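Quick look at the structure:
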């Protein structure tokens, strides 16, 4: 029986981190520029990866839709972790993964572009740090195909580590947990529980994401104060609300308004999707999930705008969530991967294994943590805002700011502007 776990922990304040794991067990059967124009526009394969990532992330978001609940996901972490799995799939299992993950590229082109995406996302600056790591954690007696190990090492930088799941599952779990803690700067601890690793575990594919970023224009703590947030049009709660008047990209289309909040490195941004109606989140989310091209179109039009003076009100936010994704993924069509008919022979051939069993996915867990405050979040954006507000010349008074009051349920995405890759995606019904 095979197990898959995918876990993620992200901190949007000044810090974020995450991990994604796919655990496999034995079975009896068979990733200043002009933010509006991506710098990788000349790399159609990377554009394809970013588009597939958006479509997959929105579909997962739709599967997890539950009225009244906040949702926070990392499509980039999920996409990368599934890339490690796809590299070992064959036959109809591979075809199924391609459909669910929205992969349209030839396989080797996909892995190479995914690897270039991870390289593009990794950032090591004082104001913004993004660190993505991958690893293969296999049972010491398991025989993995050399071509598979070479593929994930070359494309994803994933080393091959060996542990003793059969004899010492708890010790193996602790080794992986320590590695995850190190890669996420101690933001994720005890990622794997005792029930997650057993003597039947044969391979755990791990992806970690660590982020630390500051707003390009931080909110003043002295301006934050409690303000009403509409859970419904007739029901409000008081929440800590951040406030500032600043130049941000802004765009309104029909029943939704968008604003882009940049980060200091000019490559990452948070994009806010605010329904015009206080009870409009469900309709907005359904439209974007149903039509990912609309999501990309709205963001593209937003990023092409010149910054506008906004009166921004944004609630401080903290989300902790854990999702078991087996049922959503099966509903999306990922059926064979969880069955005894799963074909991961390009990862490990059944006849070469000491126990004679093949591999299958048994479990997928996605765990997240998010915090947004006056100092920052995860993501970054364009520098054009700074240019527009840095003039010291006298002139007419600025126009009155456009209200952008995030005082009712909304969606957000954290994106890498040069590639268009969505790192994080969420919906907020209650910021408390």
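Residue numbers (this note's numbering): 2 to 433.
Using N, Cα and C, we set each Cβ at its ideal position, and we do this for glycine too.
Note that the structure is predicted; figures quoted are calculated from it, not measured.
Determine the direct distance from the alpha carbon of residue 220 to that of residue 33, and round the result to whole angstroms. Locating residue 33 in the chain shown gives position 32, where the first residue counts as 1. Locating residue 220 in the chain shown gives position 219, where the first residue counts as 1. With a pLDDT of 39 at residue 33, under the threshold of 50, the predicted position of this residue should be treated as unreliable, though the coordinate-derived value follows. Cα to Cα, the separation comes out at about 22 angstroms.
Count the other CB atoms within 10 Å of the CB of residue 256; is the residue buried (16 or more) or exposed (fewer)? Residue mapping note: residue 256 aligns to position 255 of the chain shown, counting from 1. Residue 256 is exposed by the Cβ-count criterion.
What three-state label does DSSP hand residue 231 in the structure shown? In the chain shown, the residue the question calls residue 231 occupies position 230. Looking at residue 231 - three-state DSSP - the assignment turns out to be strand.
Where residue 183 and residue 244 are concerned, what is the direct C-alpha to C-alpha distance, given to the nearest angstrom? Residue 183 sits at position 182 when you count from the first residue of the chain shown. Residue 244 sits at position 243 when you count from the first residue of the chain shown. So the alpha carbons of these two residues sit roughly 35 angstroms apart.
Can the beta-carbon of residue 254 be found closer than 9 angstroms to that of residue 302? Taking the first residue of the chain shown as 1, we reach residue 254 at position 253. Taking the first residue of the chain shown as 1, we reach residue 302 at position 301. Yes, Cβ-Cβ distance for residue 254 and residue 302 is below 9 angstroms.
Which whole-angstrom value is the C-beta distance of residue 217 and residue 264, which I expect to be below 8 angstroms? In the chain shown, the residue the question calls residue 217 occupies position 216. In the chain shown, the residue the question calls residue 264 occupies position 263. Residue 217 to residue 264, Cβ: 6 angstroms. Contact.
Relative to the alpha-carbon of residue 287, which residue among 345, 138, 66, 224 has its alpha-carbon at the smallest distance? Here residue 287 is taken as the residue at index 286 of the chain shown, counted from 1. It is 66.
What alpha helix (DSSP H) runs, 4 residues minimum, are completely inside the stretch 49-108? 76-87, 92-102
What is the residue span of the beta strand (DSSP E) that residue 1 lies within? Nothing can be reported for residue 1, as the shown portion of the chain is limited to 2 through 433.
DSSP three-state call for residue 302: helix, strand or coil? Taking the first residue of the chain shown as 1, we reach residue 302 at position 301. Here residue 302 sits in helix by DSSP.
State buried or exposed for residue 179, treating a residue as buried only when at least 16 other CB atoms are found within 10 Å of its CB. Here residue 179 refers to the residue found at position 178 of the chain shown. Exposed, since its Cβ has fewer than 16 Cβ neighbours within 10 Å.
Could you check where the alpha helix (DSSP H) with residue 432 kicks off and where it finishes? Mapped onto the chain shown, residue 432 falls at position 431. No alpha helix (DSSP H) contains residue 432, which DSSP labels as neither H nor E.
For residue 432, is the classification buried or exposed, using 16 other Cβ atoms within 10 angstroms of its Cβ as the cut-off for buried? Counting from one through the chain shown, the residue named residue 432 turns up at place 431. Looking at its Cβ environment, which holds 16 or more other Cβ atoms inside 10 Å, residue 432 is buried.
Are residue 229 and residue 408 close, meaning C-beta to C-beta below 9 angstroms? The count along the chain shown starts at 1 and reaches residue 229 at position 228. The count along the chain shown starts at 1 and reaches residue 408 at position 407. In this structure, residue 408 lies closer than 9 angstroms to residue 229 by Cβ.
Just curious, the alpha helix (DSSP H) that residue 236 is in, first and last residue? Looking up residue 236 in the chain shown gives position 235. Here residue 236 belongs to no alpha helix (DSSP H); instead the beta strand (DSSP E) covers 236-254.
Boundaries (first-last residue) of the alpha helix (DSSP H) holding residue 139: Reading the chain shown from its first residue, position 138 is the one you call residue 139. Per DSSP, residue 139 belongs to no alpha helix (DSSP H); it is in the beta strand (DSSP E), 129-140.
With a CB to CB cut of under 8 angstroms and the five nearest residues on each side skipped, what residues in its chain are close to residue 403? If you number the chain shown from 1, residue 403 lands on position 402. Within the same chain, residue 403 has close Cβ partners 251, 309, 310, 311, 312.
Three-way DSSP call (helix, strand, coil) for residue 415 in this model: The residue you call residue 415 lines up with position 414 of the chain shown. Strand, per DSSP.
Once you ignore the five residues that flank residue 282 on each side, which residues in its own chain have a CB closer than 6 angstroms to its CB? The sequence position of residue 282 within the chain shown is 281, counting from 1. Closer than 6 angstroms at the Cβ level, and outside the excluded window around residue 282, lie 276, 410.
Which residues share a DSSP beta bridge with residue 427? The residue labelled residue 427 in the question sits at position 426 within the chain shown. Partner residues in the beta bridge of residue 427, as assigned by DSSP, are 73, 413.
Give the straight-line distance between the Cα atoms of residue 82 and residue 223, rounded to the nearest whole angstrom. Taking the first residue of the chain shown as position 1, residue 82 is located at position 81. Taking the first residue of the chain shown as position 1, residue 223 is located at position 222. Residue 82 and residue 223: Cα-Cα distance of roughly 41 angstroms.
For the candidate residues 399, 352, 412, 346, whose alpha-carbon lies nearest to that of residue 315? Translated into the one-based positions of the chain shown, residue 315 becomes position 314. For the residues 399, 352, 412, 346, the minimum Cα distance to residue 315 belongs to 412.
Would DSSP call residue 332 helix, strand or coil? For the purposes of this step, residue 332 is identified with residue 331 of the chain shown, where counting begins at 1. Residue 332: helix per DSSP, three-state reduction.
Assigned exposure category for residue 172 - 16 Cβ within 10 Å defines buried: As a first step, residue 172 must be located in the chain shown, where it is residue number 171. With fewer than 16 other Cβ atoms within 10 Å, it is exposed.
Nearest-angstrom Cα distance between residue 206 and residue 272? Looking up residue 206 in the chain shown gives position 205. Looking up residue 272 in the chain shown gives position 271. Rounded to the nearest angstrom, the two C-alpha atoms are 30 angstroms apart.
Environment of residue 399 [buried if 16+ CB atoms lie within 10 Å]: As a first step, residue 399 is located in the chain shown; it is residue number 398 there, counting from the start. By the neighbour-count rule (16 or more Cβ atoms within 10 Å), residue 399 is not buried but exposed.
Look at residue 349 and residue 342 and say whether their C-beta atoms are less than 9 angstroms apart. Here residue 349 refers to the residue found at position 348 when the chain shown is read from its first residue. Here residue 342 refers to the residue found at position 341 when the chain shown is read from its first residue. Going by C-beta atoms, residue 349 is not nearer than 9 angstroms to residue 342.
With DSSP as the reference, identify every bridge partner of residue 214, one or two as the case may be. In the chain shown, residue 214 corresponds to position 213, counting from 1. According to DSSP, which records beta bridges pairwise, residue 214 is partnered with 129.
Exposure of residue 239, with buried meaning 16 or more beta-carbon neighbours within 10 Å: In the chain shown, residue 239 corresponds to position 238, counting from 1. Counting Cβ neighbours within 10 Å, residue 239 comes out exposed, since fewer than 16 surround it.
Name the residue from 260, 279, 247 whose alpha carbon lies nearest to the alpha carbon of residue 237. On the chain shown, position 236 is the one that residue 237 refers to. Nearest neighbour of residue 237 by Cα position, chosen from 260, 279, 247, turns out to be 279.
I'd like the list of long-range same chain contacts for residue 414, defined as Cβ closer than 6 angstroms, with 5 residues on each side in sequence excluded. Against the chain shown, residue 414 aligns to sequence position 413. Once the five neighbours on either side are set aside, the close Cβ partners of residue 414 are 272, 423, 426.
Please identify the residue among 375, 370, 144 whose C-alpha is closest to the C-alpha of residue 71. Translated into the one-based positions of the chain shown, residue 71 becomes position 70. For the residues 375, 370, 144, the minimum Cα distance to residue 71 belongs to 370.
Given that a residue counts as buried once 16 or more other Cβ atoms are within 10 Å of its Cβ, and exposed if not, what is residue 1? Since the first and last residues shown for the chain are 2 and 433, residue 1 lies out of range.
Tell me, please, whether the stretch 135-152 touches the stretch 322-339 by the rule of three or more beta-carbon pairs shorter than 8 angstroms. no
Okay, do the stretch 320-338 and the stretch 49-65 touch, 3+ Cβ pairs below 8 angstroms being the bar? yes
Ranges of the alpha helix (DSSP H) found wholly within the stretch 139-199, counting only runs of at least 4: 147-157, 170-184
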